[in-house]
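In the numbering used here, the protein residues as written are 21 to 512.
Cβ coordinates follow ideal geometry from the N, Cα and C atoms, glycine included.
Remember, predicted model here, so these are calculated numbers, not experimental data.
Here is the structure we will look at.
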C-alpha cells in the first residue's frame, strides 16, 4: 500500500499524517498538557493534582493537613504542603478542601468466582482497589486481571491463590451432601479445589499451583499433620507464601512456626476450651513469627450470627427492600447462599453464640499483644456483599475487637501491603507508590463508617468521580438483573 501511494505521488502526505498521529499520541500520553485534550473520568489522567486535602496514612500518627498530591500516569509523583507543591500547567485539579485522602482499601479475603465478573466494579465503587482471592479458577482470574490492567474491565488489583488445597475426604463427601439435600455445591466447589490425602499429594499440589503462576498457596482442610508440614515445606521450596484456615491437625503455634503467612477466620476452634495461658502462648507465637490473622467477622456474623430465616428472607426478596445491596448480586450467588443455609441441617450442633464471643475476645487479646491483622470479608458467604462488606468488617473490628479507626485503616491498607510483599507499591500515600487512592467527604478517624462517604476513587491512576462511581453501581445492578436464575442456568 505504501509503495503504491508513493508511486501515485501521495507518499509525502501519508508520511506527514503518520507523523502527526505519532505526535498527537505522545501529547495524549502526557495528559494533554500541551494538546489540551480532555479525557473521560474513567480514563488514565497523565497529570492529576488533588489540592488542599488532608492526607491520612495508616502508618502515620497524625493526619497531614493542607497537602497537595500530584499523580503522573499511575504513580504518585509528589506529596507536600500546598504552599510548596506547585500544580503544573495542564493538570486536572481535584479540589480536596474539607476532604480526606486515604490509600486504596484492600479486601484480603474474597472469592471472585462466586460473585462473578459483574461484581468487579463494585469493589472500585466502594474504594476497594485491591483484593486477595482465596480460591478460584486460576485461568479465569488471570483473564480478569489482564483485562483490568488493560483498561478493558473495571475492577481491583487481584492477588490470587488459584484452586485451594483441600482434604480429599471432604471433597468426597460433597456429592453425597448434594444428593441428600438436593444441592449443587459440588458444581461450585470442586472445580476450585485440589484434593490431597498424602504428603506426596501435598507436594504435587504445590508444584501444580506453581505451574499456574499463583501468587500464594491456600489450603482449607488438612487430613493430617504430616500432610500439612509437607505442604508448608514444598511451598517454601517453591518460594510461595502459604495461607489458609486454622489447620486443626496442628496447633496455632506449630502452624505459625511452619511459616503459614496468614490464618483465616475467627473463632479459632482449637482454642474453644483452652486456658488463658494457652491462648496467650499461641498469640505470642503469632507475634514472634509475624503471622497475620484475617478475622472475617462480617462473614461469621452473616453465617453464624444471623438467624437462618432472616438470611433466607433476604435471598427470597426479589424486591430488594429488606437489603438494598441485594440488587447487585447475581442469582448464582444467592443460590449459593441458600445452599449454605440448607447444609446446616447436617452439621453437628455447636454453641455458635459462645464461639463468636470467644472470637471477639481473642481478637481483642491479639490486638493488645501486637498480632498482625488484615481485613477481609469472605465474599461468597451469606450476607457478605462484594465491595460493600469490607466497610462492615472495619466497623466490626472496632466494635468487637477494640481497634481504633486508625488501626482499622491500617489493617486494610498498610498491613495487606506488608503481607503481600508490596510495601514499595501500595498501602500509603507517598511519592513513588501506585496511584490507588480514595477521597472521602468526611474524616474516617472520627468515624470509620466515613470510609463509605466516597467522593472520588483513583485506581491505578484512573479517576472515577462520584458520577462515574454511581454509573458503575448502576451497571453492576443491571448486569446482575440480566443473569438467568440459578435453576435456569447450567452447572458451573
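*Look at residue 315 and residue 421 and say whether their C-beta atoms are less than 9 Å apart.*
Counting from one through the chain shown, the residue named residue 315 turns up at place 295. Counting from one through the chain shown, the residue named residue 421 turns up at place 401. It is a contact, given that the beta carbons lie within the stated cut-off.
*When burial is assigned at 16 or more other CB atoms within 10 Å of the CB, is residue 172 buried or exposed?*
Taking the first residue of the chain shown as 1, we reach residue 172 at position 152. Residue 172 is exposed by the Cβ-count criterion.
_Chain-order list of residues whose beta-carbon lies under 6 Å from that of residue 375 (same chain, five-residue window excluded)_ = Position 355 of the chain shown, counting from 1, holds the residue named residue 375. Once the five neighbours on either side are set aside, the close Cβ partners of residue 375 are 287.
*Could you have a look at residue 471 and say whether DSSP puts it in helix, strand or coil?*
For this step, residue 471 is matched to residue 451 along the chain shown. Of the three classes helix, strand and coil, the one that applies to residue 471 here is helix, per DSSP.
*Identify whether residue 503 lies in helix, strand or coil by the three-state DSSP scheme.*
Taking the first residue of the chain shown as 1, we reach residue 503 at position 483. Coil.
*Would you call the region 401-416 and the region 466-482 in contact, with 3 or more CB pairs under 8 Å?*
yes
*Grab me the residues of residue 417's own chain with a C-beta within less than 6 Å of its C-beta, minus the 5 sequence neighbours each way, in chain order.*
Counting from 1 along the chain shown, the entry for residue 417 is found at position 397. So the qualifying residues of the chain are 423 and 428.
*What is the DSSP secondary structure of residue 328, counted as helix, strand or coil?*
Stepping through the chain shown from its first residue, residue 328 is reached at position 308. It is helical.
*beta strand (DSSP E) runs wholly inside the region 228-257, at least 3 long, in chain order*: 236-239
*Looking at the structure shown, is residue 267 part of a helix, part of a strand, or coil, going by DSSP?*
Position 247 of the chain shown, counted from the start, is the residue given in the question as residue 267. Taken through DSSP and simplified to helix, strand or coil, residue 267 comes out as coil.
*Determine, using beta carbons only, whether residue 73 and residue 125 come nearer to each other than 9 Å.*
Here residue 73 corresponds to residue number 53 of the chain shown, with the count starting at 1. Here residue 125 corresponds to residue number 105 of the chain shown, with the count starting at 1. Contact flag unset, no.
*Compare the C-alpha of residue 302 against each of 323, 270 and 495 and name the closest.*
Within the chain shown, the letter at position 282 stands for residue 302. Cα-wise, what sits closest to residue 302 is 270.
*Given residue 129, which residues of its chain have a CB within under 7 Å of its CB, disregarding the five upstream and five downstream residues?*
Indexing the chain shown from 1 puts residue 129 at position 109. The residues are 152, 154, 284, 314, 316, 396, 397 and 398.
*Mind checking who residue 262 pairs with in its DSSP beta bridge?*
Along the chain shown, one-based indexing puts residue 262 at 242. Under DSSP, residue 262 forms a beta bridge with 237 and 280.
_CA-to-CA distance, residue 306 to residue 272, given in whole angstroms_ = Here residue 272 refers to the residue found at position 252 of the chain shown. Here residue 306 refers to the residue found at position 286 of the chain shown. When rounded, the distance between both Cα atoms is 8 Å.
*Output the boundary residues of the alpha helix (DSSP H) element that contains residue 100.*
Residue mapping note: residue 100 aligns to position 80 of the chain shown, counting from 1. Run containing residue 100: none in the alpha helix (DSSP H); it sits in the beta strand (DSSP E), 95-101.
*With a Cβ-Cβ cutoff of 9 Å, do residue 87 and residue 105 count as a contact?*
Counted from its first residue, the chain shown places residue 87 at position 67. Counted from its first residue, the chain shown places residue 105 at position 85. In this structure, residue 105 lies closer than 9 Å to residue 87 by Cβ.
*Looking only at C-alpha atoms, which of 385, 388, 458 and 464 sits nearest to residue 415?*
As a first step, residue 415 must be located in the chain shown, where it is residue number 395. Checking every option, the nearest Cα to that of residue 415 belongs to 464.
*Grab me the residues of residue 276's own chain with a C-beta within less than 7 Å of its C-beta, minus the 5 sequence neighbours each way, in chain order.*
By 1-based counting over the chain shown, the position of residue 276 is 256. Closer than 7 Å at Cβ, skipping near neighbours: 305, 306, 309 and 311.
*Ends of the alpha helix (DSSP H) at residue 184?*
Counting from 1 along the chain shown, the entry for residue 184 is found at position 164. Careful: residue 184 lies outside any alpha helix (DSSP H), inside the beta strand (DSSP E) at 184-187.
*asked:* Looking at the strands, I want to know which residues DSSP matches up with residue 84.
replied: Translated into positions along the chain shown, residue 84 becomes position 64. Paired residue(s): 75.
*If you draw a straight line from the alpha carbon of residue 16 to that of residue 394, how long is it in whole angstroms?*
Missing from the structure shown is residue 16; the chain here goes from 21 to 512 and no further.
*Just tell me which of 183, 189, 97 and 503 has its CA closest to the CA of residue 354.*
Here residue 354 is taken as the residue at index 334 of the chain shown, counted from 1. Checked all of 183, 189, 97 and 503; the closest Cα to residue 354 is 503.
*Please say whether residue 164 and residue 4 have beta carbons closer to each other than 9 Å?*
In this structure the chain extends from 21 to 512, so residue 4 is not present and cannot be described.
_If distances are taken between C-alpha atoms only, which option among 386, 179 and 142 comes closest to residue 156?_
Within the chain shown, residue 156 is the residue found at index 136, counting from 1. Checking every option, the nearest Cα to that of residue 156 belongs to 179.
*the region 181-189 touching the region 213-221, judged by at least three CB pairs closer than 8 Å*: The answer is yes - the region 213-221 touches the region 181-189, with three or more Cβ pairs under 8 Å.
*In whole angstroms, what is the alpha-carbon distance linking residue 263 and residue 107?*
Taking the first residue of the chain shown as 1, we reach residue 263 at position 243. Taking the first residue of the chain shown as 1, we reach residue 107 at position 87. Roughly 44 Å between the two C-alpha positions.
_residue 386 burial status per 10 Å Cβ neighbour count (16 or more: buried)_ = For this step, residue 386 is matched to residue 366 along the chain shown. With 16 or more other Cβ atoms within 10 Å, it is buried.
*asked:* At the level of alpha carbons, what is the spacing between residue 159 and residue 77?
replied: One-based indexing of the chain shown puts residue 159 at position 139. One-based indexing of the chain shown puts residue 77 at position 57. C-alpha separation (whole angstroms): 35 Å.
*asked:* Is the beta carbon of residue 359 closer than 9 Å to that of residue 205?
replied: To locate residue 205, count along the chain shown from 1; it is residue 185. To locate residue 359, count along the chain shown from 1; it is residue 339. The answer is yes: Cβ separation under 9 Å.
*Taking Cβ to Cβ, would you say residue 458 is nearer than 9 Å to residue 477?*
Working through the chain shown from its first residue, we reach residue 458 at position 438. Working through the chain shown from its first residue, we reach residue 477 at position 457. Between residue 458 and residue 477, the C-beta spacing is below 9 Å.
*Give the range of the alpha helix (DSSP H) segment to which residue 322 is assigned.*
Here residue 322 refers to the residue found at position 302 of the chain shown. Element bounds for residue 322: 317-323.
*Under three-state DSSP, which class holds residue 288?*
Numbered from its first residue, the chain shown carries residue 288 at position 268. Residue 288: coil per DSSP, three-state reduction.
*Mind reading off the beta-carbon distance from residue 492 to residue 94? Whole number of angstroms is fine, and I expect it under 8 Å.*
For this step, residue 492 is matched to residue 472 along the chain shown. For this step, residue 94 is matched to residue 74 along the chain shown. At roughly 19 Å, the Cβ-Cβ gap does not stay under 8 Å, so residue 492 and residue 94 are not in contact.
*Kindly indicate the opening and closing residues of the alpha helix (DSSP H) around residue 412.*
Along the chain shown, read from residue 1 onward, the residue named residue 412 stands at position 392. Unbroken alpha helix (DSSP H) run through residue 412: 408-421.
*Closest to residue 357 by CA distance: which of 252, 226 and 346 is it?*
The residue given as residue 357 occupies position 337 in the chain shown. Out of 252, 226 and 346, 346 has the C-alpha closest to the C-alpha of residue 357.
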